[in-house]
Structures are given as C-alpha cells and as structure tokens.
Amino acid sequence: MLVVARLRLRRLFVYNALIYTVKKEWRWLTAVNSQRKVLLILTTPLLEVKDLFCERDERVLFEGLNFSLNPGEIIQVEGPNGSGKTTLLRILSGLSQAFEGDILFNNRPISDNRDEFLAALLYFGHLPGVKATLTPEENLNWYCALHPHTRTEGITTALSNVGLFGYEDVPCHSLSAGQNRRVSLARLYLSDAPLWILDEPFTAIDKRGVARKEALIAKHAEQGGSVILTTHHELAIHDNLRKVSLGQPVEAI
Amino acid sequence: MASEDSQDMSLTRVFWITLRRDLMLAYRRRNDLVSPLMFFLMVATLFPLGVSPEPQFLSQAAAGIVWVAALLATLLSMDSLFRSDFDDGSLEQMLLSPQPLALLVFAKICAHWMISGLPLTLMAPLLGVMLFLPEQGMSAMVISLLLGTPTLSLIGAIGAGLTVGLRKGGVLISLLVLPLYIPILIFGTGTVQAASAGLPVGGYLAILGAILALGVVLAPIAVAAGLRISVSD
C-alpha cells in the first residue's frame with residue numbers, strides 16, 4: 001500500500017517537473033523568437049548568399065562566395081568573359097540548380113518560399129524573351145499575365161519610356177536588335193518587383209538609352225528596391241553601389 | 254476569400270492568355286501548320302499506290318493507316334512545342350513566373366492540340382472515304398481520334414520538355430515517346446475495327462478516355478519538371 005502510494009507520489013513529482021521544464025523552455029523559446037523577429041525586420045537583407053560554390057565543365061567558377069543584398073542596394077557583378085557572371089545570376093534567380101551553398105531570401109532558403117521569391121523577382125536574361133512574330137504590346141501583355149504584380153494599363157507608357165512610341169503594333173521581327181532589347185527592358189517600368197536581376201541590360205542599347213536605364217536603376221534603389229546586374233560598362237551610379245568580382249579569389253564582402 | 258477569388262481569376266486569365274498567345278503565334282506562322290497535315294494526307298494517298306488499291310484490302314487496313322499517320326504527324330510537330338520559347342528566352346520567363354508552370358504548360362499543350370490534333374481529326378473522315386473505311390466505322394474513328402490525339406500531344410510534350418535543352422532533340426523524342434504511344438495506337442485502331450465489324454466500342458472508348466484523363470492530370474506536372482531540368486543546365 002505504502003509502496004504504491006510512494007510510487008504514485010514520485011511519478012506525480014516527475015511529471016510536474018517535466019511540465020515545468022517544458023513550459024519554461026517554451027517561454028524562453030517564444031521570447032527568443034519574438035526578439036529574433038524584431039531583429040529580422042530591422043536588418044534583414046533581401047538576398048543573402050552563403051558559401052556559394054559552382055563548378056562547370058570541371059572548372060571551378062567561384063567558391064566560398066559570400067555577399068548580401070540589402071534593400072536599396074545595387075550590386076554590380078564584375079569579371080572577365082567566362083568568369084561565371086551569367087551563371088551566378090542564373091543561380092540566384094533559381095533557374096540553375098548546379099551549385100552548392102545557401103541562398104536566402106528574406107532569411108529563408110529560396111526553395112522554402114519560392115512563390116514569394118518569384119513574385120518579388122524581375123529577371124532580365126541574356127535572351128530578351130520577346131517573340132518575333134508578336135508585337136511589343138502583345139509581348140508585354142503576356143508578360144503582365146505571367147506576373148501578377150505588374151500593371152497592364154501601363155504598357156503604352158512603358159513602351160514610350162523605352163523609346164518605342166509608335167512601334168506598339170509592329171511585329172518584333174521588323175525591329176532592330178536594340179529595339180528588341182528595349183521591348184524586354186520595358187518590363188522594368190511595368191513591374192512592382194523589389195528585386196531586379198539584370199544580365200547585361202545595356203547590350204545593344206544606345207548611349208541615351210543607357211543613361212535613362214541607369215537613372216531608372218538608381219531610382220529603383222532609392223525607393224528601397226535592390227538590383228544585381230552585370231555589365232562591362234562603367235556605371236555612372238555611385239550611391240549604394242557595391243561590386244562583386246568573379247574570376248579571382250573572392251573575400252567576404 | 255476575396256484574394257482566393259482574385260487568384261482563381263488570375264489563373265484562369267493566365268491560362269486563356271497563354272492559349273490565345275500560342276494560337277496567335279501559330280496563326281502568324283501558318284506555313285508551319287500545314288506540314289503535319291500534308292504528311293497525314295500524303296501517307297493516306299501514297300499508301301494505296303504503294304501497296305494495293307483493292308477496296309477489299311484498303312477497307313481492312315484503313316483504321317491502322319489513319320491512326321499511324323495521325324500518330325506520326327503529331328510526333329513530327331512535337332519538337333517545335335517548346336523550341337522557339339527556349340531559343341528566345343520566353344521559357345525562362347515562364348519558369349520564373351509565380352504562376353504554376355504546369356498550368357502554363359497545359360495551356361500550351363491545348364493550343365498545340367488545337368493546331369495539330371484537331372485538324373487531323375477533322376480531316377480523318379476524308380481519309381476514311383479515300384481508304385474505303387466502312388460507313389459504320391466512320392464516327393468511331395472520329396471519336397477515337399478526338400479522345401486519342403490530345404493524349405498524343407500530352408505524352409509528346411513530356412518528351413519535348415525533356416529534350417528541349419539538347420541541340421538535336423528530334424530523334425530522342427521519338428525514342429522516348431513512341432513506346433508510350435503504343436497503347437493509344439492499339440486501342441484507337443481497335444475502336445475503329447470493332448465499329449467496322451459492328452461490335453460495341455464502349456470499352457475501347459472508355460479506356461482511351463481513361464488514358465486521356467490520366468494524361469490531363471499528370472502530364473503537365475511531368476512536363477514542368479522536365480522543363481526545369483532542361484533549362485537548369
């Protein structure tokens with residue numbers, strides 16, 4: 001009788017102690033989490049690259065690459081031809097999976113919040129993504145349907161902003177190479193996406209066009225957007241501009 | 254709730270816009286559309302010349318000839334499904350869209366069927382007459398093609414998605430896709446032969462319909478995965 005009672009008492013004590021510790025741990029955890037959340041909001045980089053490694057055709061393009069992109073910043077990726085600039089941008093945009101390391105968007109891996117990442121991304125690649133048999137307006141219409149955070153009603157304005165006023169109904173195959181790139185660049189005026197990844201945006205664009213695009217990029221950064229771009233052209237932007245060099249040992253930036 | 258509604262709206266919208274875009278692209282390059290149809294017609298015209306013009310023989314072989322020709326014509330047009338999008342970078346934009354890739358792919362496959370499978374189906378009765386297909390087999394042939402050709406497009410798209418990154422994907426598509434086409438060919442010709450002999454065709458059509466249902470649900474997902482692999486390297 002006595003033994004049973006003592007056993008029960010002991011069990012009760014053990015349970016209580018267990019519940020107490022769990023509660024304490026929980027409280028501690030929640031406190032830490034809420035603190036962390038506050039910190040996150042204050043200092044979270046939009047995009048963070050940790051220890052990125054990429055190899056192509058048995059040649060290491062970059063290893064141990066670390067950098068972070070904060071809201072309002074512009075990063076220019078530099079390097080000689082074949083140093084992996086386009087590969088890096090394709091990896092960052094999620095097109096290519098041939099890498100090791102972590103890419104965090106809003107402090108979470110991209111694979112975990114892919115939808116959120118894609119909604120926030122504007123990618124301008126080597127290929128303009130313009131259909132030759134469609135007119136500029138039709139091309140942009142389709143692009144706007146693909147991306148919910150774009151303004152379909154702004155297409156005419158965007159086209160006149162890139163100097164294609166009057167070309168709305170001309171099939172893209174009768175436009176020049178530079179004009180085709182401009183059709184694709186008109187997306188920059190249409191999109192509300194905070195993160196721009198631009199691969200050689202100034203190729204085949206004339207001087208005045210380049211100046212206007214640079215002003216647009218600077219304005220985007222001023223408004224809290226972030227840009228990663230590659231170009232061989234000397235940028236006239238100096239505020240909030242950082243450079244990441246490929247093709248040589250890269251230190252933490 | 255409101256946001257869910259608007260999301261549904263945007264999904265339907267992106268489906269229709271992609272479908273319309275692909276149809277418009279096809280319409281502006283009409284010459285490319287004609288070649289699978291010409292192939293279809295050529296096979297049916299040349300076959301009697303090469304083998305035998307006997308009505309007795311042709312009426313027996315008609316179902317097989319029409320179905321094989323339809324299958325090969327679809328296969329011919331398959332390589333171009335994602336090729337131009339891959340070449341001009343539209344495919345990258347599709348992959349980087351927050352909209353579900355499988356939906357975009359499904360819209361493209363629908364458009365592809367409308368410009369390849371549907372005209373083939375509409376032309377089939379003409380070929381049936383040319384090949385002395387018995388009258389009672391005619392409607393069965395059209396219905397079986399109507400159920401079978403979308404499946405051909407859906408399965409072919411898986412091959413096209415997987416091979417679009419390669420320089421010469423054409424041959425590989427045939428190798429990948431032909432084994433998967435065989436059940437459809439068997440049940441398609443089976444339908445027409447059964448109908449010509451006056452037998453019930455319900456079972457054949459049910460199986461074709463079941464394969465189509467399976468394809469509609471699963472193929473777009475497989476194509477989307479294939480495209481991600483193709484673009485990734």
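Chains as they are written, first to last, in my numbering: chain A, 1 to 253; chain B, 254 to 486.
The C-beta atom is built at its ideal place from N, Cα and C for all residues, glycine as well.
Keep in mind the model is a prediction, meaning the values are calculated, not measured.
Is I237/A helix, strand or coil by DSSP?
-> By one-based count along the first sequence, residue 237/A stands at place 237. Three-state result, I237/A: coil.
Please name the residue in M376/B, G409/B and L276/B whose C-alpha comes closest to that of S392/B.
-> For this step, residue 392/B is matched to residue 139 along the second sequence. Comparing Cα positions, the closest option is M376/B.
Can you name the start and end residues of the beta strand (DSSP E) that Q76/A belongs to?
-> Within the first sequence, residue 76/A is the residue found at index 76, counting from 1. Q76/A -> beta strand (DSSP E) spans I74 to E78.
At least one CB of chain B closer than 8 Å to the CB of L159/A: is that the case?
-> For this step, residue 159/A is matched to residue 159 along the first sequence. Closer than 8 Å: no.
Buried versus exposed call for L379/B [16 or more other C-beta atoms within 10 Å across all chains shown] | Position 126 of the second sequence, counted from the first residue, corresponds to residue 379/B. When all chains shown are included, L379/B counts as exposed.
Identity of the residue in N66/A, A221/A and H126/A nearest R182/A by Cα = To locate residue 182/A, count along the first sequence from 1; it is residue 182. Among N66/A, A221/A and H126/A, the Cα nearest to that of R182/A is on H126/A.
For the alpha helix (DSSP H) holding R481/B, just list the boundary residues, first then last.
-> Numbered from 1 along the second sequence, position 228 holds the residue referred to as residue 481/B. That run of the alpha helix (DSSP H) goes G455 to S485.
Which residue's Cα is closest to the Cα of L407/B: V424/B, L433/B, G418/B and L373/B?
-> Counted from its first residue, the second sequence places residue 407/B at position 154. Checking every option, the nearest Cα to that of L407/B belongs to L433/B.
Is S191/A helix, strand or coil by DSSP?
-> The sequence position of residue 191/A within the first sequence is 191, counting from 1. Strand.
Between L65/A and I110/A, what straight-line distance do the alpha-carbon atoms span, to the nearest angstrom?
-> Locating residue 65/A in the first sequence gives position 65, counting from the first residue. Locating residue 110/A in the first sequence gives position 110, counting from the first residue. Whole-angstrom Cα-Cα distance: 17 Å.
Reference L349/B, options C54/A, T44/A and G129/A, closest by Cα | Against the second sequence, residue 349/B aligns to sequence position 96. Of the candidates C54/A, T44/A and G129/A, the one whose C-alpha sits nearest the C-alpha of L349/B is G129/A.
Check the Cβ-Cβ distances between D341/B and every residue of chain A, and say whether any is below 8 Å.
-> One-based indexing of the second sequence puts residue 341/B at position 88. Interface residue, yes.
Count the C-beta pairs between the region 100 to 114 of chain A and the region 160 to 171 of chain A that are closer than 8 Å, then say yes if the count reaches three, no if not.
-> no
Residues in the region 122 to 138 of chain A with C-beta within 8 Å of chain B's C-beta atoms, listed in sequence order?
-> Residues Y123, G125, H126, L127, P128, G129, V130, K131, A132, T133, L134 and E138.
Kindly indicate which residue of T442/B, V430/B and T271/B has the alpha-carbon position closest to the one of V454/B.
-> As a first step, residue 454/B must be located in the second sequence, where it is residue number 201. The residue with the shortest Cα to Cα distance from V454/B is T442/B.
Note down, in chain order, all residues in the region 145 to 178 of chain A with a beta-carbon under 7 Å from any beta-carbon belonging to chain B.
-> A145, L146, H147 and P148
Compute the Euclidean distance between the alpha carbons of M367/B and R273/B, then round it to the nearest angstrom.
-> Position 114 of the second sequence, counting from 1, holds the residue named residue 367/B. Position 20 of the second sequence, counting from 1, holds the residue named residue 273/B. Distance between the alpha carbons of M367/B and R273/B is about 11 Å.
Could you tell me which of E168/A, G209/A and L195/A sits nearest to P201/A, measuring between CA atoms?
-> To locate residue 201/A, count along the first sequence from 1; it is residue 201. Ranking E168/A, G209/A and L195/A by Cα distance to P201/A puts G209/A first.
Excluding sequence positions up to five away, which residues of its chain have a Cβ less than 7 Å from the Cβ of P403/B?
-> Indexing the second sequence from 1 puts residue 403/B at position 150. Cβ neighbours of P403/B beyond the five flanking positions: W366, G370 and L465.
Mapping DSSP to helix, strand and coil, what is K421/B?
-> Here residue 421/B refers to the residue found at position 168 when the second sequence is read from its first residue. DSSP places K421/B in coil when its eight states are reduced to three.
What does S96/A reach in chain B if we use C-beta pairs closer than 9 Å?
-> Translated into positions along the first sequence, residue 96/A becomes position 96. Under the 9 Å cutoff, chain B gives V484, S485 and D486.
If the cut is a Cβ gap below 7 Å, which residues of chain B does A119/A touch?
-> Within the first sequence, residue 119/A is the residue found at index 119, counting from 1. Under the 7 Å cutoff, chain B gives P351.
Mind checking who S68/A pairs with in its DSSP beta bridge?
-> By one-based count along the first sequence, residue 68/A stands at place 68. The partner list for S68/A (beta bridge, DSSP) reads E48/A.
Run down chain A in chain order and give the residues with a C-beta less than 7 Å from the C-beta of R282/B.
-> Within the second sequence, residue 282/B is the residue found at index 29, counting from 1. Near R282/B (Cβ distances below 7 Å), the residues of chain A are T133.
Check F62/A in the structure and name its three-state DSSP category.
-> Within the first sequence, residue 62/A is the residue found at index 62, counting from 1. In the structure shown, F62/A sits in a strand (DSSP, three-state: E or B).
Measure the alpha-carbon distance for L229/A versus L69/A and round it to whole angstroms.
-> Here residue 229/A corresponds to residue number 229 of the first sequence, with the count starting at 1. Here residue 69/A corresponds to residue number 69 of the first sequence, with the count starting at 1. Note on geometry: alpha-carbon atoms of L229/A and L69/A lie some 12 Å from one another.
Any C-beta of chain C under 8 Å from that of W196/A = The structure shown contains no chain C; its protein chains are A and B.
For the region 189 to 229 of chain A, which segments carrying the alpha helix (DSSP H) assignment without a break, of at least 4 residues, lie completely within its bounds, in sequence order?
-> 207 to 222
Excluding the five sequence neighbours on either side, which residues of its own chain have a C-beta within less than 7 Å of the C-beta of S96/A, listed in chain order?
-> Taking the first residue of the first sequence as 1, we reach residue 96/A at position 96. Counting only Cβ-Cβ distances below 7 Å, and skipping sequence neighbours, we find T87 and R90.
Supposed contact pair E168/A and T156/A - C-beta distance, whole angstroms, cut 8 Å = Translated into the one-based positions of the first sequence, residue 156/A becomes position 156. Translated into the one-based positions of the first sequence, residue 168/A becomes position 168. Confirmed, about 7 Å.
Length of the line joining the Cα atoms of G84/A and V227/A | Counting from 1 along the first sequence, the entry for residue 84/A is found at position 84. Counting from 1 along the first sequence, the entry for residue 227/A is found at position 227. Roughly 18 Å separates the two Cα atoms.
Taking three-plus beta-carbon pairs below 8 Å as touching, is the region 282 to 301 of chain B in contact with the region 339 to 355 of chain B?
-> no
At which residues does the alpha helix (DSSP H) containing Y143/A begin and terminate?
-> As a working mapping, residue 143/A is identified with position 143 in the first sequence. Its alpha helix (DSSP H) spans residues P136 to L146.
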